[in-house]
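Residue numbers (the working numbering): 11 to 701.
Cβ coordinates follow ideal geometry from the N, Cα and C atoms, glycine included.
Treat the numbers as computed from the prediction; the structure is a model and nothing was measured.
Written below as structure tokens is the structure these notes are about.
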């Protein structure tokens, strides 16, 4: 018998280092993580079906006399083979059952809850569509593919406000916290430099209202966002300020001299340098003289009170006038706490925001927020507190997800554990601090189109979201049924009606924008369909709203998303394809493989880097010449740094591309001599091959 397998010849200049990975791996892995079918029910992690069930259960009735607890779920085997489903026009699905426990309670004379009894039972929920070996689903006898969605990652984003610029051309900055589910929180500056907050894009409030609702007082807030200087009024003519780091860069109005050696550290009218501060510290100088003009016009931290009468001479956060200054001297006030505002590193905008905000106590702040969110309803203390706590601090109603927490930690330099999936007081304070720093030119703004800020929602996550919507509908029905039914004889299956859950799943597979009829023209069209990424769909963009920036090729696409394969027409750039070697990590960010280089020598070690990790390294091209020992040749090597191409010496290079075809996707990589094609023709070619 003749040999049927022909040997493949490779005419490439670069020998292959890494084989092209299994092309539908992500789809299958995502669905497996959603089902966790082969994992023991006690060892299942909190994702997919497990997360959906545990977020909705336990369900208690309105009178709190009974509750239904979730124990575990089990998936059976599909009754029909995929082939039969295709012929008979059926769904390829497996039965899903959940084991639940109905707990019944009684109330004693004092109204305390006492446990009475519990009943366990397995309840059939419905048939869950199952993925075939090739990564598709069979719904009503047709093969369908669920396309992965590319959406904005949850987290915190700092950006200049689009369209609203100040008359002087200054940018107005905004901060936005985006959760996976829950209310959005926006902070923004207006043209007068007052900081405002919006909850769920409603009418704006001064930002300090939210901070006061968290329990901070005026004094706490001023101390948090400004350094406080201690000034001593020694007598009518002699005043001093404490020496601290904030004095660096300030002009002194007097000579500063070391008392012991009479050495001049800083001359009158000159700026105090960091060196001068170190010298003062070494010489043991604790305070330096200050003139009257440097005190008048400054802002106090606390109220200034007459020690004899108890009368308030000046409220906190107000400027000291000449009249008040002499009054303080006459009643012998010796210590002042003043805010340090230098208009360079510390701007007056935050204290001005506090002045515009008329709220005094935490209770008033909570009521103010309630009025904005529920206009027309009476704001009581209890209802206001409950509403605010439910907005950002209740895990049932607000979820950042581990990805969102990771992004917030990275941006604000914090180390909150990833399982804290709600906002904390500390987060909100740090977001305001970062925004105030942006105004003074510190910190970085975010690029929304950077692949470090966009993540992929796989099949598993998309179905989980639909499943959760169905479970919430089911929860309402169960609560009503529990209130109306006699619970003495009832079993869980009498109370649970799973129709809404399966209806939501069916609707998703049947009519969602991301559930598409599988393109089966040829094997290539099938594979590329499963590797497709879409920015459209629920929670994504719409064609009309998407501008040019979102559709454009971004430097971070290199090795992650194919720059060529995309449809022509209204969807251009919104529907893209995964690059040949790209992998998707547990958080949903796309990673590209690179070969590690040490001291100019290419090693066999391969590392996958995400867009954020890859930015900091110097990465050489796959075609860079290498000698037999694996050393990079030549004086200079062409490499990527950040988003630019530069020539660097071989010793500086840290990583190297795996293959010249890693930049393109599966379709484009089949075009011979791709580098000689015009980009537009290559785009058409890669789309035509699928027809």
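The beta-carbon distance between residue 577 and residue 697, rounded to whole angstroms, is 7 Å. This is short enough to meet the 8 Å contact definition. The C-alpha of residue 528 is placed about 12 Å away from the C-alpha of residue 541.
Per the coordinates, the alpha-carbon of residue 395 lies some 9 Å from the alpha-carbon of residue 380. Inter-segment contact for the stretch 272 to 280 and the stretch 365 to 384 is absent: fewer than three beta-carbon pairs are separated by less than 8 Å.
Unbroken beta strand (DSSP E) stretches of 3 residues or longer found wholly inside the stretch 340 to 408: 345 to 349, given in chain order. In the DSSP assignment, residue 657 falls within the beta strand (DSSP E) that extends over 654 to 658.
Across the structure, residue 209 and residue 670 are spaced so that their CA atoms are roughly 48 Å apart. With a cut-off of 8 Å on Cβ pairs, the stretch 31 to 48 is not in contact with the stretch 445 to 458, counting fewer than three such pairs.
Residue nearest to residue 135 within the set 515, 629, 662 is 515 (criterion: CA-CA distance).
The beta carbon of residue 153 lies closer than 6 Å to those of 146, 528 in the same chain, with the five residues before and after it left out.
Under the three-state reduction of DSSP output, residue 643 falls in the coil class, being neither helix nor strand. Residue 308 places its beta carbon 9 Å or farther from that of residue 333. Residue pairing by DSSP places residue 242 opposite 250, 345 in a beta bridge.
Counting only runs of 4 or more residues that sit fully inside the stretch 45 to 105, the alpha helix (DSSP H) segments are 58 to 66, 92 to 98, in chain order.
Between residue 360 and residue 442, the alpha-carbon positions lie close to 9 Å from each other.
As the crow flies, the alpha-carbon of residue 501 is around 11 Å from that of residue 495. Beta-carbon to beta-carbon, residue 526 and residue 157 are separated by about 6 Å, close enough to satisfy the 8 Å threshold. A direct Cα-to-Cα measurement between residue 302 and residue 256 gives close to 19 Å.
For residue 606, no alpha helix (DSSP H) segment is defined; the enclosing uninterrupted segment is the beta strand (DSSP E) at 600 to 608. Between residue 310 and residue 349, the CB-CB gap stays under 9 Å. Cβ atoms of residue 466 and residue 416 stay farther apart than 8 Å, at about 15 Å. CA-to-CA, the gap between residue 512 and residue 226 works out to about 47 Å.
In the structure shown, residue 533 falls within a helical segment according to DSSP collapsed to helix, strand and coil. For residue 665 and residue 474, the gap between their C-alpha atoms comes out near 37 Å.
The closest CA to that of residue 51, considering only 82, 64, 63, is found on 82. For residue 278, the secondary structure class from DSSP, reduced to helix, strand or coil, is coil. In terms of Cβ geometry, residue 432 and residue 398 do not form a close pair [threshold 9 Å]. The C-beta of residue 60 has 16 or more other C-beta atoms within 10 Å across all chains shown, which makes the residue buried. Approximately 7 Å separates the beta-carbon atoms of residue 667 and residue 629; this is inside 8 Å, confirming the contact. Per DSSP, reduced to three states, the secondary structure at residue 166 is strand. Here residue 127 is bridged, per DSSP, to 114. Under the 10 Å beta carbon count, residue 248 is surrounded by fewer than 16 other beta carbons and is classified as exposed.
In this structure, DSSP gives residue 37 a helical state, which the three-state scheme calls helix.
With at least 16 other beta carbons inside 10 angstroms of its own, residue 108 counts as buried. In this model, residue 553 and residue 585 are separated by some 11 Å (Cα to Cα). In this structure, the alpha-carbon of residue 265 lies about 28 Å from that of residue 358.
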